[in-house]
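J.:
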Amino acid sequence: MATADTNGVKLYYEVHGSGEPVLFLHGFPLSGRMWQAIVQPMRDAFTLIIPDLRGLGRSPATEGVSMATYVDDLVGLVRVIGETRPITLVGLSMGGYIAFEFVRRHADRLRTLVLTDTRAENDTPEVKQNRIDTAERVRKDGSRVVADAMIDKLFGPQAPTDLRTRWRDLMADTDPDGVIAALTAMRDRPDSRPLLAEIRVPTLVVVGADDAITPPNTARVMHQGIPGSQLEIIPGAGHMVPLEQPQRFVDVLTRFLKG
Ligand code: MLT
Numbered sequence: 007m008a009t010a011d012t013n014g015v016k017l018y019y020e021v022h023g024s025g026e027p028v029l030f031l032h033g034f035p036l037s038g039r040m041w042q043a044i045v046q047p048m049r050d051a052f053t054l055i056i057p058d059l060r061g062l063g064r065s066p067a068t069e070g071v072s073m074a075t076y077v078d079d080l081v082g083l084v085r086v087i088g089e090t091r092p093i094t095l096v097g098l099s100m101g102g103y104i105a106f107e108f109v110r111r112h113a114d115r116l117r118t119l120v121l122t123d124t125r126a127e128n129d130t131p132e133v134k135q136n137r138i139d140t141a142e143r144v145r146k147d148g149s150r151v152v153a154d155a156m157i158d159k160l161f162g163p164q165a166p167t168d169l170r171t172r173w174r175d176l177m178a179d180t181d182p183d184g185v186i187a188a189l190t191a192m193r194d195r196p197d198s199r200p201l202l203a204e205i206r207v208p209t210l211v212v213v214g215a216d217d218a219i220t221p222p223n224t225a226r227v228m229h230q231g232i233p234g235s236q237l238e239i240i241p242g243a244g245h246m247v248p249l250e251q252p253q254r255f256v257d258v259l260t261r262f263l264k265g
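Residue numbers (the numbering used here): 7 to 265.
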């Protein structure tokens, strides 16, 4: 819909609706398209700000990306669109990792926080090595490597085949340089568990009951660590709650944001 010149990149983004601003951060290696189904039911009550993160979806890739780079991109985007009110951040998986970095650097800009299908823990040595190996394979064989490796873990058993096929194709189409940059940024991210007790904004933790990547136990770590947080476990969904159970996701999100 539009691009914002921010932090040295032309970031693709969409803005829908009006009301309190809510900034949606997608997972890896996905795009803002993953929030499509929630736009219509939420646009009358909220301003929905939906970027494609640097190097993913329709935003161009660069080298040398860290969680801080993504945060600087977002702060610039918010400035470009002239949004000065405190923001609600909704981060799914890698979007949650970025949300933690946002809390570290700009807690004063936040109104509320929604952590969906994500984790506070950083990568174990095995996962770090796997990121390095995956980046090598993507460099050689392209993003299909990641699409093929992730597709079965991304969705719960009830997800329809056409949803899986669509997202396998979208992931496979992602710029390999953006995929490699994101793998590196995730590998190097800090442990966010020490941050949990410091989070002062109202926080909702959401997880699909069948999430195989960040299962309900990782959501409980965040819920138990963040003072006063709420936890919602969504039945009939895996790692992609907003795509698999959009209406349930909208219901819990709206109830929380209006509460
Ligand atoms: C995601 O969905 O963003 C990724 O699975 C996160 C990760 O690889 O740690």
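Glycine residues also receive a C-beta, built at the ideal position from the N, C-alpha and C atoms. Only a predicted model underlies this, so the values are computations on that prediction, with no experimental measurement involved.
#1: Out of F106, P221, L119 and L36, point me to the one whose CA is closest to P196's CA.
#2: State the DSSP-derived secondary structure class of G205, mapped to helix, strand or coil.
#3: So, helix, strand or coil for E142, using DSSP?
#4: In the DSSP assignment, what residue or residues form a beta bridge with A10?
#5: Taking 8 Å as the cut-off, is the C-beta of F30 nearer than that to any heavy atom in the ligand MLT?
#6: Kindly indicate which residue of V96, E127 and V77 has the alpha-carbon position closest to the one of G231.
#7: Quick check: the Cα distance between A155 and D123, rounded to an integer number of angstroms?
#8: Where does Q42 sit, in a helix, a strand or coil, going by DSSP?
#9: Can you confirm whether the stretch 127–145 touches the stretch 180–194 when touching is taken to mean that 3 or more C-beta pairs between the two stretches lie within less than 8 Å?
#10: Should D158 be counted as a contact of the ligand MLT given a C-beta to heavy atom distance under 8 Å?
#11: For E132 and R143, I'd like the C-alpha separation in whole angstroms.
#12: Quick one: grab the DSSP three-state call for I55.
#13: Which residue wins for smallest C-alpha separation from A203, given the options A8, V86 and H229?
#14: When burial is assigned at 16 or more other CB atoms within 10 Å of the CB, is E250 buried or exposed?
#15: Let me know if S24 comes out buried or exposed under the rule of 16 or more other beta-carbons within 10 Å of its beta-carbon.
#16: Roughly how many whole angstroms lie between the Cα atoms of L83 and R170?
#17: Are I44 and M73 touching if we call contact CB-CB under 9 Å?
#18: Could you name the residues of the same chain whose beta carbon sits closer than 8 Å to that of A188, not counting the 5 residues immediately before and after it, in chain order?
#19: Taking its Cβ as the centre, do 16 or more other Cβ atoms sit within 10 Å of R125, making it buried, or is it exposed?
#20: Below 9 Å between beta carbons: does that hold for V120 and V212?
#21: Please classify P27: is it buried, with 16 or more other beta-carbons within 10 angstroms of its beta-carbon, or exposed?
T.: A quick look at the data gives this:
#1: F106
#2: One point to set straight first is that residue 205 is Ile, not Gly, in the sequence displayed. Of the three classes helix, strand and coil, the one that applies to I205 here is coil, per DSSP.
#3: helix
#4: L17
#5: no
#6: E127
#7: 18 Å
#8: helix
#9: yes
#10: no
#11: 17 Å
#12: strand
#13: H229
#14: buried
#15: exposed
#16: 30 Å
#17: no
#18: F34, P35, L59, G61, L62, V71 and M100
#19: buried
#20: yes
#21: buried
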